[in-house]
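Novice:
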Amino acid sequence: MDPYSAALDLLRRLPPTNVSANLDVISRLCPDIAEDLAVSVDQPLQLKSDGENGKEYLCCDYNRDGESYRSPWSNAYSPPLADGAVPSETLRELEVGMNEAFDTYREMYFEGGSSSVYLWDLEEGGFAGVVLLKKALPSATLQKGSWDSIHVFEVRERSRQAHYSLTSTILLYLGSKTIMNEGDGDVSLSGTMTRQVEQDQTVTSPSQHVVNIGRMIEDIENKQRNSLSEVYFGKTKDIVAELRSIEGSEIKNREANLRRELLGAFGRRAPVE
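Start counting at 1 in the sequence shown, then tack on 78, and there's your number in this note's numbering.
1) Taking a contact to mean a Cβ-Cβ separation below 8 Å, would you say residue 249 touches residue 294 in this structure?
2) Report yes if the C-beta distance between residue 120 and residue 298 is below 8 Å; otherwise report no.
3) Assuming contact is defined by CB atoms lying nearer than 8 Å, are residue 233 and residue 204 in contact in what I supplied?
4) What are the complete beta strand (DSSP E) segments, minimum 3 residues, inside the region 139-164?
5) Measuring CB to CB, does residue 128 end up less than 8 Å from residue 152?
6) Does the separation of the CB atoms of residue 288 and residue 207 fall below 8 Å?
7) If distances are taken between C-alpha atoms only, which option among 337, 172, 146 comes closest to residue 162?
8) Our contact map puts residue 111 next to residue 140 with C-beta atoms below 8 Å; I'd like the distance itself, whole angstroms only.
9) Does the beta-carbon of residue 313 have 16 or more other beta-carbons within 10 angstroms, so that it is buried, or is it exposed?
10) Taking only three categories from DSSP, how would you classify residue 270?
11) What residue ranges within the region 277-321 form continuous alpha helix (DSSP H) runs of no fewer than 4 residues, ordered along the chain?
12) Using 10 angstroms around the beta-carbon of residue 95, count the other beta-carbons present and answer buried if the total reaches 16, otherwise exposed.
13) Under a three-way DSSP split, which group does residue 342 fall into?
14) With a 10 Å radius around its C-beta and 16 neighbouring C-beta atoms as the bar for buried, classify residue 80 as buried or exposed.
15) One question on the structure: do residue 135 and residue 143 come within less than 8 Å of each other, judged by their Cβ atoms?
16) Using a Cβ-Cβ cut-off of 7 Å (strictly less than) and excluding sequence neighbours within five positions of residue 216, which residues of its own chain qualify?
17) Considering residue 32, what are the terminal residues of the beta strand (DSSP E) in which it resides?
18) Residue 210 and residue 188: beta carbons closer than 8 Å?
19) Give the straight-line distance between the Cα atoms of residue 274 and residue 246, rounded to the nearest whole angstrom.
20) Within the continuous beta strand (DSSP E) that includes residue 207, where are the two ends?
21) Tell me the DSSP secondary structure of residue 199 in three-state form.
22) Mind checking residue 172: buried by the 16 CB within 10 Å criterion, or exposed?
23) Residue 360 lies in the beta strand (DSSP E); which residues open and close that run?
24) Please check the pair residue 280 and residue 238, which I expect to be a contact at CB under 8 Å, by giving their CB distance rounded to whole angstroms.
25) Compute the Euclidean distance between the alpha carbons of residue 305 and residue 202, then round it to the nearest angstrom.
26) According to the neighbour-count rule (16 or more other Cβ atoms, all chains shown, within 10 Å of its Cβ), is residue 148 buried or exposed?
27) Report the three-state DSSP secondary structure of residue 244 (helix, strand or coil).
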């Protein structure tokens with residue numbers, strides 16, 4: 079197995095909460111594949127503040143150029159970068175509209191958190207982009223948790239139609255600090271989920287892309303939420319219920335003895351003629 083495939087395989091098996099630290103270690107061990115890994119591996123989203131207006135924005139590999147990150151609100155890089163990549167004027171207008179739309183979407187579904195949308199032109203025609211959403215619990219509480227959504231899409235425009243390709247990844251982490259007994263420790267649950275979908279939609283104006291992409295992301299996020307709730311959390315609940323019962327061992331033993339007594343009593347009864 080080549081180093082790149084081996085590194086991806088290893089990162090899939092390590093806890094998602096430590097992906098940034100693990101990626102840094104692998105990159106130092108194999109610097110030749112560091113750049114490819116940074117593009118291929120989804121990491122928890124980081125927040126930065128726009129120096130021009132003070133608004134927060136999310137950072138990922140799609141708005142990075144060197145060591146600088148572009149803000150979707152001011153279109154400026156931090157630290158400043160004179161020749162940083164920016165979308166064309168027409169695409170920038172669409173980017174502004176999508177940021178406003180998904181800021182409303184974030185408030186409706188997450189009631190807080192942060193969102194950012196970045197678009198870029200494709201050399202072979204059309205454009206691509208990424209929608210980022212993040213919600214984290216306050217660090218002062220005993221419960222810890224974060225939800226990171228990374229929705230990467232490509233748009234190929236045709237005559238009054240467009241073909242959309244969407245890849246959505248959810249990074250979820252939940253944790254709880256136990257304070258009942260000193261030696262109980264912490265409980266944590268984390269994982270990632272990736273889904274892909276392609277659709278052809280009618281396009282009557284550039285703003286129609288906001289509606290089409292928004293509907294696709296809303297639909298796929300709802301499906302991912304349901305899968306996380308029913309499959310992953312449901313299975314975890316079943317496993318925990320098998321490992322640890324709410325009832326103590328004394329009650330369990332008493333119930334087992336009662337069952338044995340009843341079975342013995344029924345076995346000694348004479349048959350009815």
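Cβ coordinates follow ideal geometry from the N, Cα and C atoms, glycine included.
Specialist: Straight from the coordinates:
1) In this structure, residue 294 does not lie closer than 8 Å to residue 249 by Cβ.
2) Taking 8 Å as the Cβ cut-off, residue 120 and residue 298 do not qualify as a contacting pair.
3) Closer than 8 Å, so yes.
4) Within the region 139-164, the complete beta strand (DSSP E) runs of at least 3 residues are 146-148.
5) yes
6) Result no, Cβ atoms of residue 288 and residue 207 do not sit closer than 8 Å.
7) 146
8) Actually they do not touch by this definition, with Cβ atoms about 19 Å apart.
9) Label assigned to residue 313: exposed.
10) strand
11) Those alpha helix (DSSP H) runs which fall completely within the region 277-321 and span 4+ residues are 286-305, 312-321.
12) buried
13) helix
14) exposed
15) no
16) none
17) Look at the range of the chain in this structure, 79 to 351, and you will see that residue 32 is not part of it.
18) no
19) 6 Å
20) 205-214
21) strand
22) Answer is buried; the Cβ neighbour count reaches 16.
23) No statement about residue 360 is possible, as the shown extent of the chain runs from 79 to 351 and does not include it.
24) 6 Å
25) 36 Å
26) When all chains shown are included, residue 148 counts as buried.
27) strand
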